[in-house]
Amino acid sequence: MREHYDFATMQGKRNPYIKHLKQPVTIRLDNDAVDYFKAMTEETGIPYQTLINLYLRDCVAQHRKLDLSWKTA
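Letter 21 of the sequence shown, counting from 1, is numbered 356 in this note's numbering, and no numbers are missing.
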């Protein structure tokens with residue numbers, strides 16, 4: 336390295352974009368759900384993980400709630 340670089344006196348800076356980074360998670364999805372998004376990948380050219388993220392972000396933006404109702408016998 337060049338002599339005029341003095342890393343001992345440098346002060347670090349926090350990443351200003353840290354809150355915009357993605358968080359890696361592990362989830363288990365049904366095969367048909369993954370196949371659906373992979374098929375959409377072939378149509379759109381967008382990677383399936385990106386499509387899943389876009390769909391989930393749209394749900395957040397629209398404040399969508401899952402409507403579950405269990406059938407009783």
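Cβ coordinates follow ideal geometry from the N, Cα and C atoms, glycine included.
Tell me the DSSP secondary structure of residue i in three-state form.
{"i": "N388", "result": "helix"}
{"i": "D402", "result": "coil"}
{"i": "M345", "result": "coil"}
{"i": "K354", "result": "helix"}
{"i": "V360", "result": "coil"}
{"i": "A408", "result": "coil"}
{"i": "Y371", "result": "helix"}
{"i": "D365", "result": "coil"}
Could you work out which residue in the options is closest to residue i when comparing CA atoms only?
{"i": "Y390", "options": "W405, H339, L403, Y371", "result": "Y371"}
{"i": "T361", "options": "T407, W405, R399, Q384", "result": "Q384"}
Thinking residue i and residue j are a contact (beta carbons under 8 Å), I'd like their distance in whole angstroms, please.
{"i": "L386", "j": "T376", "result": "7 Å"}
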